[in-house]
Structure formats: structure tokens, C-alpha cells
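*Asks:* Can you read through this structure? Questions will come right after.
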Amino acid sequence: MLTNTINVSSWLMLNALAPSTLPESVTQQYKDQFVKWPEITPKVQMRHLFFALQALRNSIKSLLEFQFTHDHVQPLIELCMTIRLQTLGSLASQTGDAIIAIADRENWKTDVVGNESKTSLPDMYESVINEMLPQLKQILSHNGYPSETDLFAIDVYRQVTHNLFSGMITSIKECYDKLLGLTPAHSRPTHLRPNQSLNASSIDDSASISSANDDPQRAAIRIPLEVQQPSSRKFLISVCNMEYIINHSLPLICKRLSDNGVKFADVILEKTKIKLASIRQGFISKYLGIKQAPLISLVEAGNYEKLPEIDDVSFFTKELIMCIVFIQAELYQIAPQLMQQVISHIVEITTDKLLIKLNDKRIYGKNQVTQVVIDLTALEQTLKSYLSPLKKKEFSRKRAELMSRYDKEHFNNAMATFDHTMELAVQSLDTGNQEGFDALESSRV
């Protein structure tokens, strides 16, 4: 009789606090006899769960002190475990939502901390997680509470708990999805949905200025704010923030989780580091896509039907070089650690397209042949810091095919003009040259 009364009482409490966690056998047995309580907000439910957990722990302790047997209070012990898991899930979900909401406070203003650029977002991210630590410690505590089990001592509970924390930490992805418009505004990860059941049973900003000036209609285009794509700069800042989070915030967060009762936090650290590194790489890919598109368009639009009026490098080649200079300046200002990797990739893709185009198109006239040799020489001279040895060989091989038909005087005059008019650009792209380094240094704020 007593055991049955306590058992039914535990079901009634569970129905009031977290009805979705009632065992299916119980709901089938009693069907519509349970009261359907009105829905409450997650924050209010969290308060109720914490209050119930504290009251339940005190009740179990008191009953055992009054000589109730372990069998008598077993339903309450199981209820306590269910409430702990449910509270843990709600805490992780609400913390994840708070992390996503940080997006509304991002201002994209960068500071340099130890030679690394970042905004205030990583600090806000750490603060949100720090705020939940006292509640987390209360849930995970089991010493001093009779018959309570360490959540990390049972494999299934440990796995559930680790998944909750991993999902909470990687909610920063949804924060950036919201910031950068990468997914629908209301998309949320499944593992953090509040109704989870836990039972113990861009606008292209790299196109050239001259191209915009040549096309007044393009210059007049106004895209509505709500459909504007994020700038490449925002993706670059996001890469820097993610690097800071991976290298600094994440180890600190996992240490604090460990200090507040989370066991095997190193497992969470390794799992989330892999996920965040993948997110960082995705931002780099987005940045590369934005920057490569106009360069590839330049190569595809370039032709040798109309040659420069004076002995000089082709206009599209000079514009190609200047676009890379602008990319380099942006990288050096925000993420200098990515400069070699990113520009080398962009140069590799762009020069691949150029060489494929030159190989597919037969060049007849002597002036055209000379112009191709001029352009290839200018590109190799300017981009030597970013060209791979294999690509340099391809340039040399293509030039060698044309050298027997080129005009040497025309070539020399054009290269002299190029060296004079593009001197600063060439210097800035020559990262092995001190003058080039100084030119870059002057661009960093």
C-alpha cells in the first residue's frame, strides 16, 4: 500500500513537471486520468524543476531517516534521477538558445589580442556558459544525497550528458548561421530542442572599382537589406573568432565544466574541437568562394582580340593583380595567419583557369603571342610568393612554347612600363621582400 502510494505520487509529480517523460506503460494504463497541465515557458519550467529537485532530495533524506526502507523510496529515487536528467537537458537547451541569441549583440568591431583578431563575441560566449555553471553543479552533485547515482558512472547517462554538453558548446554554429544568414532564421539543432525526452527509465565586395564605374546600371543597383549577403570581411572575422574559441575559449570552458562536476571533460573537448574546426573551415570556404568568383570572371572575360594601345600588360591582368592586392590587404589587416594559405589557394585556382584558357585557344598573331608572354611574365613575377613550384613550371613551359614567335623589343618595353606603374603592387605581393612587408604593415590598423 505504502509503496504503491509513493509510486503513484511519483507519476503525478512527473506528469506535472515533465509529462513527456512519463513511461509509456504508465500512460497506457491510466490514459486520460492524468491532468493536462497548461504549457509553461522553458524558464518557468526550469525554476519548477530545480525547486522540485531540491524538495525531492530533502523528502528522500527525511523518509530514510524515519526508517522507510530503500524499496519504499525507490520510486522517488528514480523520479529524482529523471528530474536531474530533464533539468540537465533544459539547462543545456536554454544555454544553447542564449548562445544563439549572442548574434543579436555582435557589432563586428575587432580587437587584436596577442596578435589574434577577434570581436567581443567569444567573450560573450564564455560568459553565457559561465552563468550556468552553478546550476550545473547543483544537478550533477550526488554526494550527500542518499541513494543518488553519479550520472557519469552509468554508460548511457554519461553518453547522454556528454552529448548535451557537446551540443550546447557547438550551438555557436547556429549563432553564426543566424549572423551570416546561412540557414533559415528559426532553424534549431534537434539535440537541443526543449521537448527532448529524457527518462531514467553577400553582396560581392571583391569586384573591381573600375568595373563598377564602367557599368552605371550596376553601380545603381540597390539590394534590399533583408536579402543582402554577408561581406567577405564578416566571414574572415568569423574565422578569427572561431580560431580564438578553439584555441582559448574551448579549453577554458571544458576545464570549468570539469571543475563543476563534469567528468571526462577531455572527451567533450576533443569532440567539440573537431566540430568547431569543421565550422571554421566552412567559413574559409565561403570566404574563398566570395573572393574567387570575380577573379575567375576576369579570366573568363579576358581576351587578346583588343590589345593595349601602349606597350603594357593587359588590362585584365593588371585588374587581376589589383584584386589579389586588395584580398591580401584585407587578410593582413584581419587574419594575417591565413594570408599564405588563402592567397595561394586563390592564385592556384585562378592561374589554373588562365592556363586552361590559353591552352584551349590557339594564338596566331605575333602581337598576341607577345602579349601572352608579357602577361604570364608579369603574373609570375608578381605572384611568385604564392605560386607553387609546379605552377611556376607550367608558366615557364607555356612561355617556352611562345618564345620563338614573340617581339623582344615589345616585351621589354611592356615590362618596363609594368615595373614602373605597378611597382607598389608588386612589392606588396612579394612577402619575402622587406619593402613588401612594409607596404603591408602600413595597411594594418
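Under mature numbering (1 follows the signal peptide of the UniProt record, and there is no 0), residues -23 to -1, 1 to 422 are what the sequence shown spells out, in order.
Where a beta carbon is used, it is the ideal one built from N, C-alpha and C, also for glycine.
1) With 16 as the cutoff for other CB atoms within 10 Å, does K263 come out buried or exposed?
2) Apply the 10 Å Cβ neighbour rule to K211 and answer buried if 16 or more other Cβ atoms are within range, or exposed otherwise.
3) Residue range of the beta strand (DSSP E) that V89 falls in?
4) Please classify I333 as buried or exposed, where buried requires at least 16 neighbouring CB atoms within 10 angstroms.
5) Touch check for the stretch 342 to 358 and the stretch 392 to 410: three-plus C-beta pairs under 8 angstroms?
6) Report yes if the C-beta distance between L253 and L272 is below 8 angstroms; otherwise report no.
7) Short of 6 angstroms in beta carbon distance, which residues of its chain neighbour L213, apart from the five on each side in sequence? Order them along the chain.
8) Kindly identify the DSSP beta-bridge partner or partners of E93.
9) Which term fits L229, buried or exposed, when burial requires 16 or more other beta carbons within 10 angstroms of its beta carbon?
10) So what's A377 in DSSP terms, helix, strand or just coil?
11) Compute the Euclidean distance between the alpha carbons of I116 and D236, then round it to the nearest angstrom.
12) Taking M101 as the reference, which of Q6, P52, S405, D81 has the closest Cα?
13) Just the C-alpha distance for S129 and F241, rounded to the nearest angstrom, thanks.
14) What is the rounded straight-line gap between the Cα of K114 and the Cα of L(-7)?
15) As a quick exercise: from E378, T294, E151, D243, pick the residue whose alpha carbon is nearest that of I79.
16) What do you get for S179, buried or exposed, if any count of 16 or more other CB atoms within 10 angstroms of its CB means buried?
17) Under a Cβ-count criterion, where at least 16 other Cβ atoms within 10 Å of its own Cβ denotes burial, should P111 be classed as buried or exposed?
18) Is Y221 buried or exposed, if buried means 16 or more other CB atoms sit within 10 Å of its CB?
19) Could you check which residue in K295, T398, L364, K375 has the C-alpha nearest to that of D407?
20) Just to confirm my understanding: we take R34, look at its own chain, exclude 5 residues before and 5 after, and list those with CB closer than 6 angstroms. What are they?
21) For the structure I just gave you, are there three or more beta carbon pairs, one from the stretch 84 to 94 and one from the stretch 8 to 24, closer than 8 angstroms?
22) With H, G and I counted as helix, E and B as strand and the rest as coil, what does DSSP make of M23?
23) For T249, count the other beta carbons within 10 Å of its own beta carbon; 16 or more makes it buried, fewer makes it exposed. Which is it?
24) Can you tell me where the alpha helix (DSSP H) holding V159 begins and where it ends?
25) Would you say T(-21) reaches chain D, if we count a Cβ-Cβ gap shorter than 8 angstroms as a contact?
26) Can you tell me the Cα-Cα spacing of N92 and R374, whole angstroms?
27) Do V244 and H139 have their CB atoms nearer than 8 angstroms?
28) Taking only the alpha-carbon atoms, compute the straight-line gap between Q258 and P285 and give it to the nearest angstrom.
29) Three-state secondary structure (DSSP) at N84?
30) For G342, count neighbouring C-beta atoms within 10 Å of its own C-beta (all shown protein chains included) and say buried if the count is 16 or more, exposed if not.
31) From I261 to V216, what does the alpha carbon distance come to, in whole angstroms?
32) Would the beta-carbon of I256 fall within 8 angstroms of that of M219?
33) Could you check whether F292 and T347 sit closer than 8 angstroms to each other, using their CB atoms as the reference points?
*Replies:* Let's see:
1) buried
2) buried
3) 88 to 90
4) exposed
5) yes
6) no
7) Y264, I311, A312
8) V90
9) exposed
10) helix
11) 14 angstroms
12) D81
13) Per the sequence shown, residue 129 should be read as Phe rather than Ser. Their Cα atoms are separated by approximately 8 angstroms.
14) 21 angstroms
15) E151
16) Residue confidence is low: S179 scores 38 on pLDDT, short of 50, so the model does not pin down where it sits. Its coordinate-derived value is still stated next. Buried, since its Cβ has 16 or more Cβ neighbours within 10 Å.
17) exposed
18) buried
19) L364
20) Y122
21) no
22) helix
23) buried
24) Checking the displayed sequence, the identity of residue 159 turns out to be Leu instead of Val. It is not in any alpha helix (DSSP H) - L159 carries neither H nor E in the DSSP assignment.
25) This model lacks chain D altogether, as it is built from one protein chain only.
26) 41 angstroms
27) yes
28) 41 angstroms
29) coil
30) exposed
31) 7 angstroms
32) yes
33) no
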